[in-house]
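S.K.:
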C-alpha cells in the first residue's frame, strides 16, 4: 500500500483481480485512491505473482486504467426510463433493482414465467453464470436463459466431448514450458492472446519449433519455422493428411492409442484417402511442406 498524492486523497489501495479482455486470464493489480470522496483508478499493472502472466500485460490489458476511468462512457450509477420513450435518468442502484423486480413480476403475473428470457454474456465468471441460471430457473421459473457462448465455446465444447471425452481443452499452460513443437492452426496468438504468444516465444528462443496454419500471413505466422498457407475450409484434409504420413512412417504412439482411444482400427482405411499429393491439391499447400510438417511432428520430443 502506497501513500496517495494530491489534496484530499487517501492512501492508495491495490486490488488483485483478473484482466477482463480475452480468455487467457492474466492477473492484474488495480491501484485505486479516493480523491475528494470519489474512488478513481490510479494505475493498472501486471500481477507478478500470477502464474499465467507473471507480471506481463499486453497492450489491451495495460489500458485497463484508461478504460475504467473513462468518464464519458463508464456508468457510475443506475439509469431508469420512467415510461417508454422517456429519457434515461440517474437513479440509486437499489431503486433500479426494485423497479426491475416490479416489472418482471408484472410480466410474469400477466403472461407466465416463460414470457421472460435472460441473455447473458460469455465474459461472466462461472459463479456469475451459476447465479444467473439460479435466478432464471429457481426464482423466475423460466426455461429461457441463453448465452452468447453458444455461438463460440458451445460448439468447441461439443467437439471436445465427442472426440476427447471431456468438454474442456486437453492442454494446460504448463505445456507451453515443455513443448518442443507448437502447431497453431486458425489462430493469431500474437494479436488475440499476446501473453500466451510471449510464453510460446520464450520456448521458441530455447529451441522449440513453430508450425502455423492460416489462410492469412499473420503476426504469428511471421514467427513460424514453417508457415502453411491453407485454402479456407480445408483444415481437416490437412490434419488427415498429416496423420496419413505419421501412420505411414510409424511415428504413432500405439500404446497410448490402445489405452486412451476407441475406433482406431477404422483409421488406416479412412486415412488412405488422404495421400500427400491429394491433400496438396485440396489445401493449396505444397506437398513438400506437408511432408516437412509431418516430419517435424514426428521428430518433436525425440531429442
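In the UniProt record's numbering, the protein residues as written are 1 to 303. Positions of the beta carbon are idealized from the N, C-alpha and C atoms, including for glycine. Given the structure is predicted, the values throughout are model-derived calculations rather than measurements.
(1) Exposed or buried, residue 330, counting other C-beta atoms within 10 Å across all chains shown (16 or more means buried)?
(2) Tell me the DSSP bridge mates of residue 40?
(3) Going by the DSSP bridge assignment, what does residue 45 pair with across the sheet?
(4) Quick one, which of 93, 48, 140 has its alpha-carbon nearest residue 113's?
(5) What are the boundary residues of the alpha helix (DSSP H) that residue 64 is part of?
(6) Going by alpha carbons, who is nearest to residue 41 out of 247, 132, 28?
(7) Buried or exposed, going by whether 16 or more other CB atoms sit within 10 Å of the CB of residue 208?
(8) Along the chain, where does the alpha helix (DSSP H) that runs through residue 111 open and close?
(9) Taking the runs of the alpha helix (DSSP H) that are 4 residues or longer, which of them lie wholly in the stretch 222 to 278?
(10) Should residue 166 be labelled buried (16 or more other beta-carbon atoms within 10 Å of its own) or exposed?
(11) Alpha carbon to alpha carbon, what distance is there between residue 21 and residue 4?
(12) Would you identify the three-state DSSP class for residue 18, choosing helix, strand or coil?
(13) Tell me, please, whether the stretch 247 to 264 touches the stretch 220 to 229 by the rule of three or more beta-carbon pairs shorter than 8 Å.
(14) Assess, as a yes-or-no matter, whether the stretch 171 to 187 is touched by the stretch 195 to 210 under the definition of 3 or more beta carbon pairs within less than 8 Å.
M.R.: On the basis of the data shown:
(1) Nothing can be reported for residue 330: it is not among the residues displayed for the chain, which extend from 1 to 303.
(2) Answer is 33, bridged to residue 40.
(3) BP columns for residue 45 point to 29.
(4) Residue 140 is the option with its Cα nearest to residue 113.
(5) Start and end: 64 to 68.
(6) Per the Cα distances, 28.
(7) So residue 208 ends up on the buried side.
(8) Start and end: 93 to 111.
(9) Entirely contained in the stretch 222 to 278, the alpha helix (DSSP H) runs reaching 4 residues are, in chain order, 235 to 248, 254 to 260, 267 to 271.
(10) By the 10 Å Cβ count, residue 166 comes out exposed.
(11) Because the pLDDT of residue 4 is 47, which lies under 50, any placement of that residue in the model is unreliable, and the question is left without a value.
(12) Three-state result, residue 18: strand.
(13) As far as the Cβ criterion goes, the stretch 247 to 264 does not touch the stretch 220 to 229, which means the pair count is below three.
(14) Here the stretch 195 to 210 lies against the stretch 171 to 187, with 3 or more beta-carbon pairs under 8 Å apart.
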